[in-house]
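Trainee:
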Amino acid sequence: MKLATWNVNSIKVRLPQLLDWLAAARPDVVCLQELKTEEAKYPRAELEAAGYQSAVLGQKTYNGVAILARSGMQDLSTGITGFEDEQRRVISATVDGVRVICVYCPNGQAVGSDKYAYKLRWFEALRRHVAGELRRHPKLAVAGDFNVAPEDRDVHDPKAWEGQVHVSAPERSAWRALLELGLKDSFRLFEQPEKTYSWWDYRMLGFRRNAGLRIDQILLSAPLAGACTACSIDKAPRKLERPSDHAPVIAEFSAAA
DNA sequence: ATGGCTACGATCCGTAGA
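Going by my numbering, the letters in the first sequence line up with residues -3 to 253, in that order.
Here's what the structure looks like:
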C-alpha cells in the first residue's frame, strides 16, 4: 500500500499534473490540500476515470481538502470534533482498515498575529481530536501540510528562519505534541538525503537554490509505523512548468499494513 | 533592500500563502 500527501495549491490549475502523477506514482490513497474550490467544481469525474474515489471538503478561494482512494472509503468525517471552524482544513476516512486524517494546518502568517494564535489553538484542537481517533483506530495516519518545519535540519537556512513562523518554538511544541500521542514522522524512520524539503518559495528561484522547508508530513501510529517500508519526497512535479509550491510525500507499507 | 511569485476573485489591485 502507498499513501501520499500533496498540497496542490488549486486543484483546478494542477489537475493535469495530478493525473500524470497518479499514473506515474500509483498511490493507493492520496491526501490533497489547498483545493481552493468548492465541491460543485471539484473534478470528481476526471479522478474517477483515473481510478480514484474522492472524499471532498471544498471551499472557494481558500483551503479545501480531499482524500483520494482506489478502494472504498468508510466513516467519512469532516473537521475537528468540538472545534467550530469556518475554514475547511480536515477530512477523514477509513480505507482498508486504516484511519486516514488529511490536514491542512493553518499558516500562521507571523508570530504574534491573530492568525498565529489561531494556528496554535487549531493544533491543540487537532491533538485532542487525534487522541480520540487513536483510541478507536489503532492503524492511523495523519497526513498533510502541517506548516511546521519540526527541526532545524528541515529548514534550508535555520539562522535566517530562527524564531519565524513555521519554526518558532510554540509551533514546534504543538507539532511534537502530536508525536507524543504515539505517532511517528514516517520520513524520519529512514535514512534520508541531507537538505530534503517539501516546499520551496516561488520567489527568488527558491527551488533552484533548494531554499525550502520540510513542512508536509505523514505521521503514523505505532502499528502502521511498524509496517512502513519507505518514505520519500517526490520532487519531480515541482520541476514542471507552473508547479505547486509543494512536492508530494509518499509512504509505503508492507502487505501487513 | 522586508521585495522577489502564484492563485483567486475581483477589477486594472488586494489578500493570502509560507
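Even for Gly, the Cβ is constructed at its ideal location relative to N, Cα and C.
Quantities reported herein were computed from a predicted structural model and do not represent experimental measurements.
Among V52, K135, F183, which one has its Cα closest to the Cα of I211?
Mentor: Stepping through the first sequence from its first residue, residue 211 is reached at position 215. When C-alpha distances from I211 are compared across V52, K135, F183, the shortest belongs to F183.
Trainee: On the three-state DSSP scale, how would you describe G140?
Mentor: As a first step, residue 140 must be located in the first sequence, where it is residue number 144. Looking at G140 - three-state DSSP - the assignment turns out to be strand.
Trainee: Which residues does DSSP pair with L216 in a beta bridge?
Mentor: The residue you call residue 216 lines up with position 220 of the first sequence. Partner(s): A137, K180.
Trainee: Three or more beta-carbon pairs under 8 Å between the region 86 to 93 and the region 66 to 73, yes or no?
Mentor: yes
Trainee: Along the chain, where does the beta strand (DSSP E) that runs through V126 open and close?
Mentor: The residue labelled residue 126 in the question sits at position 130 within the first sequence. It is not in any beta strand (DSSP E) - V126 instead sits in the alpha helix (DSSP H) that spans 110 to 132.
Trainee: Could you pull the DSSP bridge partners for M69 from this structure?
Mentor: On the first sequence, residue 69 is found 73 positions in, with the first residue counted as 1. Paired residue(s): V91.
Trainee: Sort P23, T77, H152 by Cα distance to I63 and report the nearest one.
Mentor: Taking the first residue of the first sequence as position 1, residue 63 is located at position 67. The candidate whose alpha carbon is nearest that of I63 is P23.
Trainee: Check this for me: beta carbons of Y100 and G140, under 7 Å apart or not?
Mentor: On the first sequence, position 104 is the one that residue 100 refers to. On the first sequence, position 144 is the one that residue 140 refers to. Contact flag set, yes.
Trainee: Please state whether DSSP places V4 in a helix, a strand or coil.
Mentor: Walking along the first sequence from the start, residue 4 turns up at place 8. Correct three-state label for V4: coil.
Trainee: For G54, is the classification buried or exposed, using 16 other Cβ atoms within 10 angstroms of its Cβ as the cut-off for buried?
Mentor: Numbered from 1 along the first sequence, position 58 holds the residue referred to as residue 54. Its Cβ being crowded by 16 or more others within 10 Å, G54 is buried.
Trainee: Out of curiosity, what's the CA-to-CA distance linking A251 and M(-3)?
Mentor: As a working note, residue 251 is residue 255 in the first sequence. As a working note, residue -3 is residue 1 in the first sequence. The alpha-carbon atoms of A251 and M(-3) are separated by roughly 7 Å.
Trainee: So which of P102, G78, K235, K180 has the shortest CA-CA distance to E167?
Mentor: Position 171 of the first sequence holds residue 167. Considering only P102, G78, K235, K180, the residue with the shortest C-alpha distance to E167 is P102.
Trainee: Please go through the same chain and pick out, in chain order, the residues whose beta-carbon is closer than 7 Å to the beta-carbon of L179, but skip the five residues on each side of it.
Mentor: On the first sequence, position 183 is the one that residue 179 refers to. Taken in chain order, the residues that qualify are V138, L215, L216, S217.
Trainee: Counting Cβ pairs, one atom from each stretch, are 3 or more of them under 8 Å apart for the region 77 to 85 and the region 119 to 132?
Mentor: Verdict: yes, contact present.
Trainee: Give a yes or no on whether the C-beta atoms belonging to L175 and W195 are separated by under 7 Å.
Mentor: Stepping through the first sequence from its first residue, residue 175 is reached at position 179. Stepping through the first sequence from its first residue, residue 195 is reached at position 199. Result no, Cβ atoms of L175 and W195 do not sit closer than 7 Å.
Trainee: What residues in its chain sit with their C-beta under 7 Å from that of D230, if we drop five residues either side in the sequence?
Mentor: As a working note, residue 230 is residue 234 in the first sequence. Correct list, in chain order: A21, A243, P244, I246.
Trainee: Along the beta strand (DSSP E) that carries A51, what are the first and last residues, could you check?
Mentor: In the first sequence, the residue the question calls residue 51 occupies position 55. Note, A51: beta strand (DSSP E), 49 to 53.
Trainee: Tell me the DSSP bridge mates of Y100?
Mentor: Along the first sequence, one-based indexing puts residue 100 at 104. According to DSSP, which records beta bridges pairwise, Y100 is partnered with D141.
Trainee: Flag this pair as yes or no: are the beta carbons of Q13 and P233 separated by less than 7 Å?
Mentor: Residue numbering aside, residue 13 sits at position 17 when the first sequence is read from its first letter. Residue numbering aside, residue 233 sits at position 237 when the first sequence is read from its first letter. Yes, they are a contact pair.
Trainee: May I ask whether a heavy atom of the ligand ADP can be found less than 6 Å away from the beta carbon of A247?
Mentor: Absent from the structure shown: the ligand ADP. Ligands present: none.
Trainee: What would DSSP say about Q13, mapped onto helix, strand or coil?
Mentor: Looking up residue 13 in the first sequence gives position 17. Helix.
Trainee: Just to confirm, is the Cβ distance from N3 to E30 under 7 Å?
Mentor: Along the first sequence, read from residue 1 onward, the residue named residue 3 stands at position 7. Along the first sequence, read from residue 1 onward, the residue named residue 30 stands at position 34. For N3 and E30, yes; Cβs fall inside 7 Å.
Trainee: Tell me which residues share the same chain as L43 and place their Cβ nearer than 7 Å to its Cβ, disregarding the 5 neighbours each side in the sequence.
Mentor: Counting from 1 along the first sequence, the entry for residue 43 is found at position 47. Same-chain partners within the cutoff: S50, L64.
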